[in-house]
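S.K.: At position 150 of the sequence shown the residue is numbered 149 (numbering that gives the first Met the number 0), and the sequence of numbers has no breaks. Below you will find the structure I want to go over with you.
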Amino acid sequence: MKKESLKGTWSQALWAFAWPILLILGIRWALVEPYVIPSGSMIPNLLVSDHIFVQKSSFGLRFPFSDRWFMRWGKPHSGDVIVFRYPESPSVFYIKRLIGEPGDQVRVENGRISVNGRSWSLDEEPAPAALPAEESEGFVYFQEQGPREHHLVRFMESSGDHEVIQEWTVPEGHYFFMGDNRDQSSDSRAWGFVPESHLIGKAWIIWLSCDRMLESARFLCDPSTLRWNRMLTSGGLR
Numbered sequence: 000m001k002k003e004s005l006k007g008t009w010s011q012a013l014w015a016f017a018w019p020i021l022l023i024l025g026i027r028w029a030l031v032e033p034y035v036i037p038s039g040s041m042i043p044n045l046l047v048s049d050h051i052f053v054q055k056s057s058f059g060l061r062f063p064f065s066d067r068w069f070m071r072w073g074k075p076h077s078g079d080v081i082v083f084r085y086p087e088s089p090s091v092f093y094i095k096r097l098i099g100e101p102g103d104q105v106r107v108e109n110g111r112i113s114v115n116g117r118s119w120s121l122d123e124e125p126a127p128a129a130l131p132a133e134e135s136e137g138f139v140y141f142q143e144q145g146p147r148e149h150h151l152v153r154f155m156e157s158s159g160d161h162e163v164i165q166e167w168t169v170p171e172g173h174y175f176f177m178g179d180n181r182d183q184s185s186d187s188r189a190w191g192f193v194p195e196s197h198l199i200g201k202a203w204i205i206w207l208s209c210d211r212m213l214e215s216a217r218f219l220c221d222p223s224t225l226r227w228n229r230m231l232t233s234g235g236l237r
């Protein structure tokens, strides 16, 4: 009796310890996963040290630890803000705005985007600075109208001094991305297209935000620098 009771106690204890871990892993595999914004390429809509949730189920379900799809029910659309694996180093995750889908003709002229001949319009007048004055010096902000939603974009004030025209045709099975911080973003204009297999999911919500991380634990926010006004907001994600 004692042996059976002890055995039952151990198995119950192991299960009580294991099921929360399995539940968390299942949620991260199938539904949502947290990410921390490491750079300023998506300013003004995402700031460095914004903590976001990403909907991994946006486009379907993949087999665990694989790029192969188990089930598909959606696809990304131009204007979506998406987390993906960097093509030149797939262990690194990037976040950018999707500009061109497979087969699209993308043209960027002096910062103005057109896809298949249809322009993403920029307001004629600059928008109010989206960041404090000391962080906005030398930059100008505009409202940009994408295929479905409008969002803020940022340019350097000197970027209009010369005309630049770039054009691309997005190959099948690939996507073209750009950062909202248009003159300070390493994106598809520099390193090319993103294979569909590298897409992780759509950015969903900012659940935590701070100005800096703790020196003793670089993965934790410094509580004294929390940006309360950004928490539980979508920013410019949609």
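All C-beta atoms, glycine included, are put in the ideal place defined by N, C-alpha and C. As the structure is a prediction and not an experimental result, all values here were calculated from the model.
1. Where S77 and G172 are concerned, what is the direct C-alpha to C-alpha distance, given to the nearest angstrom?
2. Could you have a look at A132 and say whether DSSP puts it in helix, strand or coil?
3. From G178 to L213, what does the alpha carbon distance come to, in whole angstroms?
4. Please state whether DSSP places W72 in a helix, a strand or coil.
5. By the three-class DSSP mapping on this structure, what secondary structure does S120 have?
6. Between which two residues does the alpha helix (DSSP H) holding W190 run?
7. Which residues mark the beginning and the end of the beta strand (DSSP E) in which T168 is found?
8. So, under 8 angstroms CB-CB, V152 and R181 are touching, yes? Tell me the CB distance rounded to an integer number of Å.
9. For M238, which beta-bridge partners are listed by DSSP?
10. Based on DSSP bridge pairs, tell me the residues matched to I51.
11. Would you check if the distance between the CB atom of V53 and the CB atom of A202 is smaller than 8 angstroms?
12. DSSP three-state label for S223, please.
13. Taking all protein chains shown into account, do 16 or more other C-beta atoms lie within 10 angstroms of the C-beta of R61, making it buried, or fewer, making it exposed?
14. Which same chain residues, not among the five before or five after P146, have their C-beta less than 6 angstroms away from its C-beta?
15. With H, G and I counted as helix, E and B as strand and the rest as coil, what does DSSP make of S157?
16. How many Å lie between G137 and P43 at the Cα?
M.R.: On the basis of the data shown:
1. 14 angstroms
2. helix
3. 27 angstroms
4. coil
5. strand
6. 187-190
7. 164-168
8. 6 angstroms
9. As shown, the chain starts at 0 and ends at 237. That puts residue 238 outside it, with no answer to give.
10. Y34, I205
11. yes
12. helix
13. buried
14. S77, G78
15. helix
16. 14 angstroms
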